[in-house]
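So the structure is just underneath, and the comments pick up after that.
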Amino acid sequence: MTYLVVGACFCLAGFVVADLAATGWIAALVALVGDGARRWSPSQRRRFFAAARVLPCAAAVLFAALVVGPGYAWLEPRGARESVGPMLALVALSAIALLVRGPLFAVGAWRATRRLETGWLREAERVEVPRLGFPVWRVREGAAGFWLSGLLRPRLIVGADVLDALTPVERAAAFGHEQAHAASRDNLARLCLAACPGALSVARLGRRLEREWVGASEAAADRRAVAGDPVAAVELASALVKVARLAPPAPALAASALGDGDVDIRVRSLLAGDLSPRAPLAAKTVAWAGILAPLAAVAALSLDRALVGALHDLAEHLVRRF
Amino acid sequence: MSGDRAARLSTLARLGPLEARVIEIVWKRGAPVSVRDLQPDLRGLAYTTVMTTLDRLYKKGLLHRRKEGRAFLYSTRVTPHEVQQTLAQRLVGWLLGATRESARPLLSGLVDTLGEADGALLEELERMIRHRREQLRREGR
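Quick mapping for you: the protein sequence lines, in order, are chains A and B.
Using my numbering, read the first sequence as starting at 64 and increasing by one per residue.
Using my numbering, read the second sequence as starting at 3 and increasing by one per residue.
Quick look at the structure:
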């Protein structure tokens, strides 16, 4: 039993160390890419920031499972009289906290969504919108804004004042935008990013990556809804401004706001027809090489038994030392 | 938790490597120890270094001491169990905080910046939209 407990603590400590190292790597990579990412297409940005958010956790899990765990199993004799010292216990507890906090955060977000939705739908009536592919609810009372809800079965919830203020073409453009969100399952992706454990779930960089991802998703949905049509782009821009003007201040929702400049950037981008920039190949290659490097390093490390052994010895030395 | 114990646990979290090592050995022994008792576990360290470290831990309130003959015998005032219990309590508090502070609904909004939109900015954007509409009309679209 002690053997397994110590092994589990070693794996958890390995997770923390690798997660912190990969988080540092991502911080450096994001700084290197910098504002250059703004010139990428929304889909490219969306993929990059999602991968950057998930990578440290993925690399850390792989490190614990492919390097630390096997190293312990190969090199630690079963009958060894090891115990969990305070330092190892502390690091293992930190790992558990980092592993659990993300999923708990996601559960909290899901419950907050259900609460809001239940309140809205109490005063709502269903509106038929042909060929949309999901139900639309018009909220008669209270200020609701314009929201796509649901992780697997999307539904659109719109405040009556907002819906009435939009012209039929603006409404069609706005519905097209939400259809694009539904098609790319953005709410589910948002949940997965929020649930992703590790240091990024508590670090400011993690929130920044999530905000960048949200911004890129909005731009990608704009681009898909407009499909290169300048008239549709103007109607969508007009719908954005009307919704921004009418939608109520809601602190619970504003927490996920993109930043003050978002409507501005999106409307200007729609009007300029600047919807399909492409990242230069070199920049894209560097960014993706940076994303994949830690995973490749962990995979290569796991195949080298001598290195796995050396790492195990180092870990054991540190555990004894502290 | 008493304020005194909380202060001791807080001090424990800020120990240097040698202090942490010494207190861990005292814990492992489970019985009061003298400087000489600790020396086999701290090879390479001078008697006076171990003595100073124990004295520092005593002054920080983490060790008890009583005189026996010419030497002091040291024992811990905070048990590993207390440390683990406190850490676990803080951890649970922090984790529960995650569910409370995460009132960020999983919704995709047409415009996420509710309430933040600046009136003058919106007017400027509306002017730009009108201008672009006229431009497209002139082009026959």
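Note that beta-carbon positions come from the ideal geometry of N, C-alpha and C, so glycine has one too.
Helix, strand or coil, according to DSSP, for arginine 67 of chain B in the structure here?
Numbered from its first residue, the second sequence carries residue 67 of chain B at position 65. Strand at arginine 67 of chain B.
Under the three-state DSSP convention, the category threonine 81 of chain B falls into
Here residue 81 of chain B is taken as the residue at index 79 of the second sequence, counted from 1. In the structure shown, threonine 81 of chain B sits in coil (DSSP, three-state: anything other than H, G, I, E or B).
Using only the alpha-carbon positions, how far apart do alanine 257 of chain A and leucine 20 of chain B sit?
Start at 1 with the first residue of the first sequence, and residue 257 of chain A comes out as number 194. Start at 1 with the first residue of the second sequence, and residue 20 of chain B comes out as number 18. Cα to Cα, the separation comes out at about 39 Å.
Would proline 42 of chain B count as contacting chain A if we go by Cβ distances under 8 Å?
The residue given as residue 42 of chain B occupies position 40 in the second sequence. Chain A, which has no Cβ nearer than 8 Å to the Cβ of proline 42 of chain B, makes this no.
Could you give the first and the last residue of the continuous beta strand (DSSP E) run that contains valine 199 of chain A?
Locating residue 199 of chain A in the first sequence gives position 136, counting from the first residue. Looking at the DSSP string, the run of the beta strand (DSSP E) that includes valine 199 of chain A is 199-202.
In terms of residues, what are the limits of the alpha helix (DSSP H) holding alanine 85 of chain A?
Residue numbering aside, residue 85 of chain A sits at position 22 when the first sequence is read from its first letter. First-last of the alpha helix (DSSP H) with alanine 85 of chain A: 65-96.
Below 9 Å on C-beta distance, what does proline 260 of chain A contact in chain B?
Working through the first sequence from its first residue, we reach residue 260 of chain A at position 197. Contact note: proline 260 of chain A does not reach chain B at a C-beta cutoff of 9 Å; the least C-beta distance is about 11 Å.
Unbroken alpha helix (DSSP H) runs of length 4 or more, entirely within the stretch 181-238 of chain A: which are they?
223-228
For arginine 23 of chain B, which option in B/Leu56, B/Arg38 and B/Val85 has the closest C-alpha, if you only look at C-alpha atoms?
Taking the first residue of the second sequence as 1, we reach residue 23 of chain B at position 21. Closest in alpha carbon position to arginine 23 of chain B, among B/Leu56, B/Arg38 and B/Val85, is B/Leu56.
Could you please give the first and the last residue of the uninterrupted alpha helix (DSSP H) stretch that includes tryptophan 29 of chain B?
Here residue 29 of chain B is taken as the residue at index 27 of the second sequence, counted from 1. Its alpha helix (DSSP H) spans residues 19-31.
Using a Cβ-Cβ cut-off of 6 Å (strictly less than) and excluding sequence neighbours within five positions of cysteine 72 of chain A, which residues of its own chain qualify?
Taking the first residue of the first sequence as 1, we reach residue 72 of chain A at position 9. If we look at cysteine 72 of chain A and ignore the five residues flanking it on each side, its Cβ neighbours are Val147, Leu151 and Ala155.
Name the residues in the stretch 25-41 of chain B whose C-beta lies less than 7 Å from a C-beta of chain A; which are they?
Glu26
Going along chain A in order, which residues have a C-beta closer than 7 Å to the C-beta of glutamine 86 of chain B?
One-based indexing of the second sequence puts residue 86 of chain B at position 84. The contacting residues are Ala152.
Going along chain A, which residues have a C-beta under 7 Å from arginine 135 of chain B?
One-based indexing of the second sequence puts residue 135 of chain B at position 133. Within chain A, the residues near arginine 135 of chain B are Val297.
To the nearest angstrom, how far is the alpha carbon of arginine 286 of chain A from that of valine 349 of chain A?
As a working mapping, residue 286 of chain A is identified with position 223 in the first sequence. As a working mapping, residue 349 of chain A is identified with position 286 in the first sequence. Each residue's Cα considered, the two are about 25 Å apart.
Contact with chain A by glutamate 128 of chain B, beta-carbon distance below 8 Å:
For the purposes of this step, residue 128 of chain B is taken as the residue at position 126 of the second sequence. Taking Cβ atoms only, chain A reaches closer than 8 Å to glutamate 128 of chain B, which makes this a yes.
Counting C-beta neighbours from all protein chains within 10 Å, is the total for glutamate 180 of chain A 16 or more, i.e. buried, or is it exposed?
Sequence index remark: in the first sequence, residue 180 of chain A carries index 117 (1-based). Buried, since its Cβ has 16 or more Cβ neighbours within 10 Å.
Measuring straight from C-alpha to C-alpha, what distance separates glycine 322 of chain A and phenylalanine 78 of chain A?
Here residue 322 of chain A corresponds to residue number 259 of the first sequence, with the count starting at 1. Here residue 78 of chain A corresponds to residue number 15 of the first sequence, with the count starting at 1. Note that glycine 322 of chain A has pLDDT 35, beneath the 50 cutoff, so the model's placement of it is unreliable and no number is given.
What residues from chain A crowd round leucine 138 of chain B, counting only those whose CB sits closer than 8 Å?
Here residue 138 of chain B corresponds to residue number 136 of the second sequence, with the count starting at 1. Correct list: Pro293, Val294 and Val297.
Less than 8 Å between the C-beta atoms of leucine 118 of chain A and alanine 85 of chain A, yes or no?
In the first sequence, residue 118 of chain A corresponds to position 55, counting from 1. In the first sequence, residue 85 of chain A corresponds to position 22, counting from 1. Yes, they are a contact pair.
Since tryptophan 103 of chain A is in the alpha helix (DSSP H), which residue starts that stretch and which ends it?
The residue labelled residue 103 of chain A in the question sits at position 40 within the first sequence. Note, tryptophan 103 of chain A: premise wrong, no alpha helix (DSSP H); not H, not E.
Can you tell which of A/Gly222, A/Ala115 and A/Arg110 has the C-alpha that lies nearest to the C-alpha of leucine 95 of chain A?
Position 32 of the first sequence, counted from the first residue, corresponds to residue 95 of chain A. Ranking A/Gly222, A/Ala115 and A/Arg110 by Cα distance to leucine 95 of chain A puts A/Ala115 first.
Along the stretch 231-259 of chain A, what residues have a CB closer than 9 Å to any CB found in chain B?
Ala237, His240, Glu241, His244, Ala245, Asp249, Asn250, Leu251, Arg253, Leu254 and Ala257
Please give the ranges of any alpha helix (DSSP H) in the stretch 272-312 of chain A, keeping only runs that are unbroken, at least 4 residues long and fully inside the region.
293-309
According to DSSP, serine 157 of chain A sits in a beta bridge with which residue or residues?
Within the first sequence, residue 157 of chain A is the residue found at index 94, counting from 1. Paired residues: none, contrary to the question.
By DSSP, does leucine 75 of chain B sit in helix, in strand, or in coil?
Numbered from its first residue, the second sequence carries residue 75 of chain B at position 73. Correct three-state label for leucine 75 of chain B: strand.
Going by C-alpha to C-alpha distance, which of A/Ala335, A/Trp200, A/Pro105 and A/Ser106 sits closest to glutamine 137 of chain B?
Against the second sequence, residue 137 of chain B aligns to sequence position 135. Comparing Cα-Cα distances from glutamine 137 of chain B to each of A/Ala335, A/Trp200, A/Pro105 and A/Ser106, the minimum goes to A/Ala335.
Find the residues of chain B that neighbour proline 149 of chain A, judging by a C-beta separation of less than 7 Å, and give them in chain order.
Sequence index remark: in the first sequence, residue 149 of chain A carries index 86 (1-based). Here the neighbours are Glu26, Pro82 and Val85.
Report yes if the CB atom of leucine 40 of chain B is closer than 8 Å to the CB atom of isoleucine 27 of chain B, and no otherwise.
Residue numbering aside, residue 40 of chain B sits at position 38 when the second sequence is read from its first letter. Residue numbering aside, residue 27 of chain B sits at position 25 when the second sequence is read from its first letter. It is a contact, given that the beta carbons lie within the stated cut-off.
For aspartate 327 of chain A, return the contacting residues in chain B, with the cut-off set at a CB-CB distance below 8 Å.
Position 264 of the first sequence holds residue 327 of chain A. Result: Leu123 and Leu127.
Which residues in chain A have a C-beta closer than 7 Å to the C-beta of valine 52 of chain B? List them in chain order.
Sequence index remark: in the second sequence, residue 52 of chain B carries index 50 (1-based). The contacting residues do not exist; valine 52 of chain B stays about 16 Å from chain A at best.
Return no unless some Cβ of chain A is closer than 8 Å to the Cβ of serine 77 of chain B.
As a position in the second sequence, residue 77 of chain B is number 75, starting the count at 1. Chain A contact via Cβ: absent.
Taking 8 Å as the CB-CB limit, is valine 68 of chain A close to chain B?
Residue numbering aside, residue 68 of chain A sits at position 5 when the first sequence is read from its first letter. Answer no: the Cβ-Cβ gap between valine 68 of chain A and chain B never drops below 8 Å.
Do serine 365 of chain A and leucine 129 of chain A have their C-beta atoms within less than 8 Å of each other?
By 1-based counting over the first sequence, the position of residue 365 of chain A is 302. By 1-based counting over the first sequence, the position of residue 129 of chain A is 66. Their beta carbons are under 8 Å apart, which means serine 365 of chain A touches leucine 129 of chain A by this criterion.
Using the three-state DSSP reduction, which class does alanine 320 of chain A fall into: helix, strand or coil?
Locating residue 320 of chain A in the first sequence gives position 257, where the first residue counts as 1. Note that alanine 320 of chain A scores a pLDDT of 33, beneath 50, so its modelled location is shaky and nothing firm can be said.
Counted within 10 angstroms of its Cβ, other Cβ atoms place leucine 67 of chain A as buried (16 or more) or exposed:
Mapped onto the first sequence, residue 67 of chain A falls at position 4. Classification for leucine 67 of chain A: exposed.
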